[in-house]
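Participant:
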Amino acid sequence: MALTGGEVRLERSHDGRVADVTLSHGRYTVITWEMRRLMAERFAEIDRDPDVQVVVIRSDGEHFSSGGDIAGFMEVDPIDFTDLGHDVTAPARSPKPVIVAVDGYAFGVGLELVLSCDIRLATERSRFALPEMNLGMIPGSGGTQRLARLIGLSRAKHHVMTARRMTGREAADWGVVAELHPDREALDTATEALVTTMLGFSPLALRAAKEVLDRGVDAPLATGIELERKAYAMLRSSHDFAEGVAAFGEKRAPEFTGR
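The numbering of the sequence shown is this note's numbering, which starts it at 86 and goes up by one.
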């Protein structure tokens, strides 16, 4: 396999308010070096677009992703690996909420991409793994750190050090995914329902919630609460908050504008 190949398509739906990002590279959606670069480029475009309120990541393969282009990586100079995890984890840095819909395998860098998203949905047949130990390597795009924060240090060590696969049910029970669905059709339906729900909220409030949760979770409790308090105070002066209060009093749906 080569460093190039594969696509990361960006389309918009819901009158431009939703950015749909689709990975495409065969049945197993092997992620090439070029696809990593494209992921960063797509999110740079998304983050600049004030109309985009929600992002959804999917794969058009039989599996979400079986992992990275292993043979291709052998062609990369070691110094280039210093930015290895930066591009593919662009969803974590985006100020906008990112939903990922997983069906089938999410292995290696595929799982690291999934872990960098905000809300993870999956099917019962989905399997999750960081199999780098089989190659004499460890995950290099945030896998060890994000997995440990989700499932605990002991379980993370077990999965990383043994390359063990996690079932969809385990992923749901341990909080790796928020929802588990029977098949891809049900997954697509649930994803669309979640998108519709989130589009009904204030974009400002969604962004503030993401930032406070991400920044506060690893900080001391007092620091996290201070972040929350200041974000709350900021939102109190927004047009969206005034609209939400007015709509509540008038018993109607609010019309949020992101201001």
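Glycine included, every Cβ here is placed at the ideal spot set by N, Cα and C.
Values in this document were obtained by computation on a predicted structure and should not be read as measured data.
From Arg321 to Ala327, what does the alpha carbon distance come to, in whole angstroms?
Facilitator: For the purposes of this step, residue 321 is taken as the residue at position 236 of the sequence shown. For the purposes of this step, residue 327 is taken as the residue at position 242 of the sequence shown. Taking the straight line joining both Cα atoms gives about 8 Å.
Participant: Asp172 and Arg121 - do their beta-carbons sit closer together than 7 Å?
Facilitator: The residue given as residue 121 occupies position 36 in the sequence shown. The residue given as residue 172 occupies position 87 in the sequence shown. Cβ distance < 7 Å, so Arg121 and Asp172 count as in contact.
Participant: Taking its Cβ as the centre, do 16 or more other Cβ atoms sit within 10 Å of Ala191, making it buried, or is it exposed?
Facilitator: By one-based count along the sequence shown, residue 191 stands at place 106. So Ala191 counts as buried.
Participant: Between the stretch 245-263 and the stretch 207-223, do three or more beta carbon pairs fall short of 8 Å?
Facilitator: yes
Participant: Quick one: grab the DSSP three-state call for Leu200.
Facilitator: Numbered from 1 along the sequence shown, position 115 holds the residue referred to as residue 200. Looking at Leu200 - three-state DSSP - the assignment turns out to be helix.
Participant: How about Leu289 and Ser323: are their beta carbons less than 7 Å apart?
Facilitator: Counting from one through the sequence shown, the residue named residue 289 turns up at place 204. Counting from one through the sequence shown, the residue named residue 323 turns up at place 238. Against a cut-off of 7 Å, the Cβ pair of Ser323 and Leu289 comes out as a contact.
Participant: Please state whether DSSP places Tyr190 in a helix, a strand or coil.
Facilitator: Position 105 of the sequence shown holds residue 190. Here Tyr190 sits in strand by DSSP.
Participant: Between the beta-carbon of Val262 and the beta-carbon of Ala256, is there less than 7 Å?
Facilitator: In the sequence shown, the residue the question calls residue 262 occupies position 177. In the sequence shown, the residue the question calls residue 256 occupies position 171. Contact flag set, yes.
Participant: Given this structure, state the Cα-to-Cα distance separating Pro176 from Glu126, to the nearest angstrom.
Facilitator: Here residue 176 refers to the residue found at position 91 of the sequence shown. Here residue 126 refers to the residue found at position 41 of the sequence shown. Taken atom to atom, the span from the alpha-carbon of Pro176 to that of Glu126 is near 11 Å.
Participant: Mapping DSSP to helix, strand and coil, what is Ile116?
Facilitator: Residue 116 sits at position 31 when you count from the first residue of the sequence shown. Of the three classes helix, strand and coil, the one that applies to Ile116 here is strand, per DSSP.
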